[in-house]
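First residue of the sequence shown: 504, per my numbering; consecutive thereafter.
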Amino acid sequence: MVDRIRAAVDARQTMLIMARTDALASEGLDSALRRCEAYLNAGADMLFPEALTELNQYRHFRDRFPDAPILANMTEFGKTPLFTAAELGAAGASIVI
Numbered sequence: 504m505v506d507r508i509r510a511a512v513d514a515r516q517t518m519l520i521m522a523r524t525d526a527l528a529s530e531g532l533d534s535a536l537r538r539c540e541a542y543l544n545a546g547a548d549m550l551f552p553e554a555l556t557e558l559n560q561y562r563h564f565r566d567r568f569p570d571a572p573i574l575a576n577m578t579e580f581g582k583t584p585l586f587t588a589a590e591l592g593a594a595g596a597s598i599v600i
């Protein structure tokens, strides 16, 4: 994934690059944080940590990456509970879909 992000960074002219990881569900929080750090180091602009199940998990991403916008995916079919925009904002999410 890091190579794909680098390629997108090299090719971009005006786009922003959002890096997504599903690592939390299969590998845990530390792995998801490490992956996101690698993605930002490769040039990603925003982070999309998928399937977070607790507001505190958003806080971990915000604390580790205070300058990166973090997306929260609020769909009725996802693993993430349907938190409110206010709850997500207070926990560190800056974009909600």
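Beta carbons: idealized from backbone N, C-alpha and C, even for Gly.
Rounded distance between the beta-carbons of L558 and F586, thought under 8 angstroms | Against the sequence shown, residue 586 aligns to sequence position 83. Against the sequence shown, residue 558 aligns to sequence position 55. Indeed they touch by this definition, with Cβ atoms about 6 angstroms apart.
Using a beta-carbon distance below 8 angstroms, is A528 in contact with chain C?
-> Among the protein chains of the structure shown there is no chain C, as only one such chain exists.
Please report how far the alpha carbon of Y561 lies from the alpha carbon of A594, in whole angstroms.
-> Within the sequence shown, residue 561 is the residue found at index 58, counting from 1. Within the sequence shown, residue 594 is the residue found at index 91, counting from 1. So the alpha carbons of these two residues sit roughly 6 angstroms apart.
Is A535 buried or exposed, if buried means 16 or more other CB atoms sit within 10 Å of its CB?
-> Taking the sequence shown and counting its residues from 1, one reaches residue 535 at position 32. When all chains shown are included, A535 counts as buried.
Can you have a look at I600 and say buried or exposed, based on whether 16 or more other CB atoms are within 10 angstroms of its CB?
-> The sequence position of residue 600 within the sequence shown is 97, counting from 1. By the C-beta density criterion, I600 is exposed, having fewer than 16 other C-beta atoms within 10 angstroms.
Roughly how many angstroms lie between the CA atoms of L591 and A554, to the nearest whole one?
-> In the sequence shown, the residue the question calls residue 591 occupies position 88. In the sequence shown, the residue the question calls residue 554 occupies position 51. Each residue's Cα considered, the two are about 14 angstroms apart.
Would you mind reading off the limits of the beta strand (DSSP E) that contains A522?
-> The residue you call residue 522 lines up with position 19 of the sequence shown. That run of the beta strand (DSSP E) goes 521-524.
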